[in-house]
Amino acid sequence: MESQKLNKHYRDDERLHKIGDKIRFYRTVKGLTQAELAQECGDKDWSQISRMERGLVNFTVSYLFLLAKILDVPVEKFLED
């Protein structure tokens, strides 16, 4: 049997960029800076939010639900095309 390499971490860069754009949009609608949103999420600095908005990080579903709660947006809004 031939050994196959398995991708342990699925990543959809196009989807992450689209979600990141929506995070940025709803954050600015709410009038929050990246630093303020990060603080609301319990993060020590804004860099995680920055990476998410640019589609550079493959974050968890739990974190997406946290953002939706803080931004007062149904989580489905981040996933719509």
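When we follow my numbering, the leftmost residue of the sequence shown carries the number 295, and every step to the right adds one.
Idealized CB from N, CA, C, for every residue including glycine.
Keep in mind the model is a prediction, meaning the values are calculated, not measured.
- Judged by beta-carbon spacing, N352 lies beyond the 8 Å limit of H311, meaning their Cβ atoms are not closer than that value.
- DSSP places E374 outside any alpha helix (DSSP H), giving it a letter other than H or E.
- Collapsing the DSSP output to three states places F359 in a helix.
- Pairing I364 with L331, the inter-Cα distance amounts to about 8 Å.
- Annotation for V367: no alpha helix (DSSP H) segment contains it, and DSSP assigns it neither H nor E.
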